Amino acid sequence: MEWAAHFKNVRCVLLFDPSIPPPERVLGWLARKHRWREIGVPPSIRISDRLTQKPFVPLSYPTPVIGEVVKGLAPDERSLWLLEGVTLALCYSAPLLCPSPGLYERLAPFSPWTLKAGDVPEGEVVRHLRIAGYVPIDFFPRAVEAYKALKEGKERELEDLIKRRAEEASADGLKRFWRVKALPEGEPLLCYIDLLPLLSMRRKGFPLLLQHEEVGLLLTITTAFFLRG
Numbered sequence: 054m055e056w057a058a059h060f061k062n063v064r065c066v067l068l069f070d071p072s073i074p075p076p077e078r079v080l081g082w083l084a085r086k087h088r089w090r091e092i093g094v095p096p097s098i099r100i101s102d103r104l105t106q107k108p109f110v111p112l113s114y115p116t117p118v119i120g121e122v123v124k125g126l127a128p129d130e131r132s133l134w135l136l137e138g139v140t141l142a143l144c145y146s147a148p149l150l151c152p153s154p155g156l157y158e159r160l161a162p163f164s165p166w167t168l169k170a171g172d173v174p175e176g177e178v179v180r181h182l183r184i185a186g187y188v189p190i191d192f193f194p195r196a197v198e199a200y201k202a203l204k205e206g207k208e209r210e211l212e213d214l215i216k217r218r219a220e221e222a223s224a225d226g227l228k229r230f231w232r233v234k235a236l237p238e239g240e241p242l243l244c245y246i247d248l249l250p251l252l253s254m255r256r257k258g259f260p261l262l263l264q265h266e267e268v269g270l271l272l273t274i275t276t277a278f279f280l281r282g
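Under this note's numbering, the residues of the sequence shown are numbered 54 to 282, in order.
Rendered as structure tokens:
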């Protein structure tokens, strides 16, 4: 019920390395820009009382099955926070919000498309974060096809689907974020996140869990948005 209570109001899901928390000025900026909506905080990074005060809200898995999948995907306890953030963003159909571009290297293995740019004005950052919020919603219908392919486990079909989703993500990103001038040598502003390749690669490790339809919540495509400075 807690998941359902927050599903519509979570604007984004906060993600950072818990050993390198964001400074107060960044949290304050986020709070000012999200006065009327919620910023979801995964359990692994709920490291201070500040992250329990509005607009920050604690997030939980929709079902225990999702939590078990996360544990199965994480290579060790030290990286659990990363997979937890990604899966919760997918479950809540929300973008990830990363206070530092430095997190891009950790998320790049899940990304079929990245937008790198130069300096972006604050107003455009807020605008494009809002635009990024529509990505997981618009891609959600594709989760049904992905879940069916994952459950059936046919190698060739999964490979073809993963390739097609990457192409769709790239085309969508170029069209959706056309206002931002791409700069190949710039810092990442945002990237698309697709968990299907990892789930496909690791699916033999938890075949029984894949029989649960709620795993389909992890099969939309979302974005990770990176703040600068």
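The C-beta atom is built at its ideal place from N, Cα and C for all residues, glycine as well. The model shown is predicted, which means the values in this text are computed figures rather than measured ones.
Where does residue i sit, in a helix, a strand or coil, going by DSSP?
i	result
E238	coil
F163	helix
I246	strand
K207	coil
P180	It is Arg, not Pro, that sits at residue 180 in the sequence shown. The answer is helix: DSSP assigns R180 an H, G or I state.
F192	helix
V118	helix
V233	coil
T275	strand
V66	strand
Cutting at 7 Å between CB atoms, please list the residues of its own chain near residue i, excluding the five before and the five after it.
i	result
E175	none
G226	W166, L168 and Y245
P154	E240, P241, F279 and R281
G206	R256
Give me the Cβ distance between residue i and residue j, rounded to the nearest whole Å; I'm assuming they're in contact under 8 Å.
i	j	result
I184	R229	6 Å
I274	V139	Between V139 and I274 the Cβ distance is about 11 Å, and since that is not below 8 Å, they are no contact.
P108	H87	5 Å
C151	L68	5 Å
F279	L242	6 Å
Y145	V63	5 Å
F192	L248	Contact flag wrong, Cβ pair sits at about 12 Å.
L271	L143	5 Å
L112	V66	7 Å
D70	L149	Not quite, the Cβ-Cβ distance comes to about 13 Å (not below 8 Å), so this is no contact.
Which term fits residue i, buried or exposed, when burial requires 16 or more other beta carbons within 10 angstroms of its beta carbon?
i	result
R85	exposed
R218	buried
G81	exposed
W166	buried
L202	In the sequence as presented, Leu is not what sits at residue 202; that position holds Ala. By the neighbour-count rule (16 or more Cβ atoms within 10 Å), A202 is buried.
I92	buried
P117	exposed
S215	Ser is not the amino acid found at residue 215; the sequence shown has Ile there. Classification for I215: buried.
L261	exposed
S101	exposed
A196	buried
T276	buried
G258	exposed
A147	buried
G269	buried
A199	buried
E137	buried
A222	buried
Specify, as a first and last residue, the run of the beta strand (DSSP E) that residue i falls within.
i	result
L251	Taken as a continuous stretch (DSSP letters only), L251 belongs to no beta strand (DSSP E), being part of the alpha helix (DSSP H) at L249 to R255.
L150	L149 to C151
E91	E91 to V94
P128	Careful: P128 lies outside any beta strand (DSSP E) and carries neither H nor E.
P111	F109 to P111
R281	From DSSP, R281 is part of no beta strand (DSSP E); its letter is neither H nor E.
Taking the alpha helix (DSSP H) that residue i falls in, what are its first and last residues?
i	result
A142	L133 to C144
L261	Here L261 belongs to no alpha helix (DSSP H), and DSSP marks it neither H nor E.
L83	E77 to K86
Quick one: residues in its chain with C-beta nearer than 8 Å to the C-beta of residue i, no 5 flanking neighbours on either side, listed in chain order?
i	result
L133	S97, V123, K124 and A127
E77	R103
G120	Y114
K234	A170 and G171
A7	The displayed coordinates of the chain run from 54 to 282. Any statement about residue 7 would go beyond what the structure contains.
H265	T116 and V118
Excluding the 5 residues preceding and the 5 following residue i in the sequence, name in chain order all residues of the same chain whose CB lies nearer than 6 Å to its CB.
i	result
L141	V66, P95 and L112
L182	F278
P250	I215
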